[in-house]
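Worksheet: the structure to be examined is printed underneath.
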Amino acid sequence: IRAILRRTKKQQPIVIQEGTRSRSGYKRSYQDADAQVKQNIRIGDFELDVQKYELHTADRGTVRLTPVQFELIHHLMSHAGEIFPPGRLLDEVWNHPKDAGSPDLVRVHIKLLRERIEKDPRDPQFLKTVVGFGYTVAAE
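Here this note's numbering is used: the sequence shown runs in plain steps of one and ends on residue 1553.
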């Protein structure tokens, strides 16, 4: 099988084999990956439904999330208790290259997300800011 090498924006090589070029081949590989990721995440009173892009909360009920909000909260909930500086979130959630993008982008999305999921967005109990370091989701 002959492999084709191409480069992405980050100049990382990607190998595509001829046998997987068909649409059905890609679909199968995505379905396999989705089967591993499709598990809900529960932390305290918050449960993220990864199939419906919804967050279930005790105070706000079911909150439908935008794709950006979902990716952000999914990443933070998957690493509960870990502190993420804005630059790291830009890299890991939005795939921005290092030193690209603004920390304000992260701040605005965190603010909007808090307004939708926190009982009191001015005093967040779940999606917290660690002053001088970044953002975290409170582990149980």
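The beta carbon of each residue, even a glycine, is placed where N, CA and C say it ideally should be.
Item	Value
Short check: CB of E1505 to CB of H1522, under 8 Å?	no
Counting pairs of beta carbons, one from the segment 1491-1501 and one from the segment 1462-1475, are three or more of them closer than 8 Å?	no
When burial is assigned at 16 or more other CB atoms within 10 Å of the CB, is Q1482 buried or exposed?	buried
Q1538 to W1507, Cα distance in whole Å?	25 Å
For a minimum of 3 consecutive residues, which ranges assigned as the beta strand (DSSP E) are wholly contained in the segment 1453-1518?	1454-1456, 1459-1462, 1467-1470, 1474-1477
Which of the three DSSP states, helix, strand or coil, is assigned to V1544?	coil
So which of I1456, R1477, G1545 has the shortest CA-CA distance to E1528?	R1477
If you drop the 5 nearest sequence neighbours on each side, which residues of the same chain put their C-beta closer than 7 Å to that of N1453?	E1460, L1461, D1462, V1463
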